[in-house]
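Just below is one structure, and these are the notes that go with it.
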Amino acid sequence: MQLICFPLTHQLENRIKKAKAGDIEEREVLINDYIPFIIKTVSNTLNRYIESEDSDEYIIGLEAFNEAIDKYDPGKGKFISFASIVIRSRVTDFMRRQKRYNDELMKCVSDQEDHQSYDTEDNLDLKAEIEEFEDRLKSFGITLNELVRQCPKHKDSRLNALRIARYIYSNGELKQELIRKRRLPVTSITRALSVSEKLINYNRIFIIASVLILDSDMECLKCYISEVVGGAENDI
Amino acid sequence: MIYKGHVLLLEKDYAVVMTDTAAYVKVIARKGLAVGERIIFTDEDLLKKKWTVATKTWKYAAACVLLLFIAVLQLYLSNIGRTNGAIAAVVSLDINPSIEIEINNKGEVINYIPLNYEGNVILDTRPEGKPVSEAVCKLLENAADQGYLEDEKSSVLVSLSPLITGLDVSLEDIEADILSFTNGNSRLAGIDLMFVYGSKAILEDARRSEVSPGRYFMYKKLKESETDLKIETVRTMELKKLFNRFRHGQGDNDQIKTFSESDNGKFLYEAVYEQIQLRYRMRNMEMYQHQIEPQIQERIQSQERIRVGDEKENTENGMIQGSEIQDKLQGTDSGQNSSKEGSGEGKGAQGGVDDGSSQVLNTSGEPQAQEQNYGIDIRNSTNENPAAVITPETEESGDNGNKDEEKDYGDKNQEGRPDKPEKGNKK
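For the record, the sequence lines run as chains Y and G.
Counting from 0, one number per residue, gives the positions in the first sequence under numbering that gives the first Met the number 0.
Counting from 0, one number per residue, gives the positions in the second sequence under numbering that gives the first Met the number 0.
And the structure:
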């Protein structure tokens with residue numbers, strides 16, 4: 000184990016040295032490379048998930064990591080352990096400071112002990128829409144757990160399935176047929192898109208769920224679909 | 000890796016999240032999670048059976064597993080024998096999924112090794128004991144099912160690396176079987192399938208460099224002309240681009256391959272024939288067999304009696320340069336006269352196969368006025384109609400040329416030169 004660790008640690012220490020010495024690019028790349036570590040450490044400290052890259056805790060985590068780069072002394076232990084301590088310390092300090100403020104300030108921050116700040120009208124709407132989506136899936140005999148199991152693992156596979164879903168959604172007749180008969184119009188799709196029946200059947204659940212999302216008001220989820228399909232089209 | 004997404008379902012121990020790449024995953028439930036909430040999470044938060052959240056050393060554990068894997072592999076490679084259980088060759092498959100298949104002396108599968116995540120995806124079942132060509136064809140079908148062959152002319156690279164000499168199974172037979180299957184399968188007939196032949200050394204280097212043997216083979220070949228090419232570039236390059244580079248990037252003089260020492264003494268047509276067999280892979284093996292081979296045989300009936308290694312009389316230094324042959328390789332259908340004299344490097348008659356869009360191999364039978372061309376024009380075709388046209392060109396009267404040749408190489412006639420070459424034992 001030591002033989003494997005040593006080269007990895009040594010490489011990291013060199014990078015930290017460079018960053019400390021003033022290499023801004025190296026510092027940025029280093030921070031970027033360790034974003035998953037930072038997110039994990041902040042989440043573990045808060046004992047909840049971070050909401051977005053704009054959240055205060057995330058930014059505190061980045062700043063703490065940056066501080067750790069400046070303060071790290073190789074003679075005193077591994078960098079990762081040190082950085083972890085610094086991040087936890089800064090995030091905990093931040094949480095304590097936040098607790099001292101009044102309710103209005105706490106609404107701006109997702110405090111783990113106060114769900115009221117989270118349940119804004121938008122979130123409640125989305126929650127209701129998601130529950131409706133779940134019900135619609137059930138009418139097709141599909142559960143969300145099954146959707147996780149059957150979801151194509153590869154992004155390209157999902158892209159192909161999403162294209163089929165988009166086609167069905169944009170074609171009024173096919174969409175109606177799907178909703179009415181509770182099954183995919185396989186023959187029409189294979190003819191129109193020159194895809195194999197096997198592919199459609201393999202991704203049946205994913206395609207149906209995607210059509211239902213496109214047919215809903217859940218803008219954030221629809222956005223995810225457009226990003227995948229749109230991103231691929233931009234590449235072309 | 001980091002993920003972003005919205006929570007769709009919340010259970011006691013986990014939540015179902017739709018990610019920003021339209022995937023549905025389960026994450027470990029944490030305090031404060033609610034349906035409709037947007038979250039950022041990492042791989043460690045994904046709910047997996049053998050995963051523990053607080054494991055700090057998973058990276059090191061993964062590294063240890065990799066080391067162990069390499070150690071076991073080394074053990075395998077060092078214990079090569081002729082028993083059915085011993086690994087006699089490795090076949091690798093690259094699409095985007097990458098897989099290695101270890102086979103025994105008889106070409107039956109011993110083990111499957113996925114080389115990346117996608118490789119695992121198409122390895123739904125892992126039947127052992129199957130003939131490897133059947134296994135590869137099944138994997139190709141799985142890949143098509145999973146959408147990995149949706150592109151027009153998806154590139155597929157198969158490498159065949161023998162680890163011992165004297166295999167009972169013929170690697171060329173394996174190639175022919177796979178080609179035959181794909182040509183007959185409507186979903187696979189459109190793929191751009193390339194076969195390369197590696198070796199034990201290539202396999203070992205490939206594994207050290209953490210790429211598939213097929214990609215490593217291409218890296219080695221490309222590096223001959225692109226000396227600053229890095230393995231990382233080849234590791235991540237899209238296969239289609241790699242194919243293009245491999246096929247077209249070697250058109251300059253230096254890439255004309257000379258024959259090796261082991262070819263010395265062979266008749267030129269034999270050596271060329273072998274090079275075509277080995278170095279140029281046609282999709283349409285059947286067409287090759289029915290059209291090209293008879294034409295080569297026809298040429299063999301003709302007067303070419305040059306042997307690799309022969310010097311030419313009445314020439315300044317006797318050798319034909321690859322560069323002079325390159326002059327002929329201008330994509331003409333009919334081939335042109337090769338030059339008579341060389342500028343003196345290398346040994347013997349030189350020729351080779353250029354994997355460009357139009358390939359012409361020329362060699363001159365006889366210098367001076369009598370010129371005879373041995374033109375083989377094989378269009379590198381992944382298009383509709385692979386065209387393979389043998390265009391023999393005789394500049395002057397063929398008979399004269401022949402007589403001169405016979406005069407030059409009369410001595411060699413007595414050395415037991417075969418009247419006709421043997422037909423290759425290749426399919």
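The beta-carbon is built from N, C-alpha and C at its ideal position, and this holds for glycine as well.
Where Glu365/G sits in the DSSP three-state scheme: Bear in mind that a pLDDT of 36 at Glu365/G, under 50, signals an unreliable position, so the model cannot answer this.
Range covered by the beta strand (DSSP E) that runs through Arg37/G: Arg37 to Thr41
Near-chain Y residues of the stretch 18 to 33 of chain G (beta-carbon distance less than 9 Å), N- to C-terminal order: Thr18, Asp19, Thr20, Ala21, Ala22, Tyr23, Val24, Lys25, Val26, Arg29, Lys30, Gly31, Leu32 and Ala33
Coil, strand or helix - Gly140/Y by DSSP: coil
Residues that Arg236/Y contacts on chain G, provided the C-beta gap is smaller than 8 Å: There is no way to answer for residue 236/Y, as the model of chain Y reaches only from 0 to 235.
Interface flag, Asp32/Y vs chain G, CB-CB below 8 Å: no
Cβ-based neighbour list, Glu236/Y, same chain, cut-off 6 Å, excluding 5 preceding and 5 following: Outside the displayed range of chain Y (0 to 235) lies residue 236/Y, so it cannot be described from this structure.
DSSP-derived helix/strand/coil call for His5/G: strand
Nearest to Tyr196/G (by Cα), restricted to the options Gly183/G, Ala188/G and Leu170/G: Leu170/G
Exposed unless 16 or more other CB atoms sit within 10 angstroms - verdict on Pro151/Y: buried
Backbone CA spacing between Ile192/Y and Lys154/Y [nearest angstrom]: The question names Ile, but residue 192/Y in the sequence shown is Leu. Taking the straight line from one Cα to the other gives about 19 Å.
Chain-ordered residues of the stretch 137 to 156 of chain Y with a beta carbon less than 8 Å from chain G: Leu143, Asn144, Leu146, Val147, Cys150, Pro151, Lys152, His153, Lys154, Asp155 and Ser156
Local Cβ density within 10 Å of Arg190/Y, reported as buried at 16 or more and exposed below that: exposed
Minimum Cβ-Cβ distance from Tyr166/Y to chain G less than 8 Å: no
Residues bridged to Ala88/G [DSSP beta-bridge criterion]: Ile102/G and Pro161/G
Test: Ser88/Y CB closer than 8 Å to a CB of chain G: no
Under 7 Å from the C-beta of Leu198/Y: neighbouring residues of chain G: Asp144 and Gly146
Run of the beta strand (DSSP E) containing Lys25/G, from where it starts to where it stops: Tyr23 to Ile27
Residue from Met217/G, Thr18/G, Trp57/G and Asn141/G whose Cα sits closest to the Cα of Val157/G: Met217/G
Test: Leu183/Y CB closer than 8 Å to a CB of chain G: no
Chain-ordered chain G contacts of Arg47/Y [CB-CB under 9 Å]: Arg29, Lys30, Gly31, Leu32 and Ile38
Beta-carbon neighbours of Gly35/G, restricted to chain Y and to distances below 7 Å: Asn122, Leu125, Lys126 and Ile129
Distance CB(Leu198/Y)-CB(Asp150/G) smaller than 8 Å: no
Close-in-space but distant-in-sequence residues of the same chain around Val185/Y (CB under 6 Å, 5 per side omitted): Glu196 and Ile199
Burial state of Ala70/G, where buried means 16 or more other Cβ atoms lie within 10 Å: exposed
Contact belief for Leu114/G with Ile102/G at Cβ below 8 Å, rounded distance in angstroms: Not really, about 16 Å apart at Cβ, beyond 8 Å.
Asp12/G classed as buried or exposed, judged by whether at least 16 other C-beta atoms fall within 10 angstroms: exposed
CA-to-CA distance, Val34/G to Ile129/Y, given in whole angstroms: 8 Å
At least three beta-carbon pairs within less than 8 Å, the stretch 202 to 219 of chain Y to the stretch 129 to 145 of chain Y: yes
Spatially closest choice to Asp32/Y from Thr91/Y, Arg47/Y, Leu61/Y and Ser42/Y, by CA coordinates: Leu61/Y
7 Å Cβ shell around Ala208/Y - same chain, five flanking residues per side excluded: Leu136, Ile141 and Leu146
Pro73/Y at chain G interface by Cβ criterion, 8 Å: no
Touching by the beta-carbon criterion (3+ pairs, under 8 Å), the stretch 56 to 72 of chain Y and the stretch 81 to 89 of chain Y: yes
Closest by C-alpha distance to Thr20/G, when choosing among Leu9/G, Leu32/G, His5/G and Asn141/G: His5/G
Simplified DSSP state of Glu344/G, which is helix, strand or coil: Because Glu344/G sits at a pLDDT of 35, beneath the cut-off of 50, its placement in the model cannot be relied upon, and the point is left open.
4 or more residues per run - each alpha helix (DSSP H) lying fully within the stretch 148 to 182 of chain Y: 154 to 169 and 171 to 180
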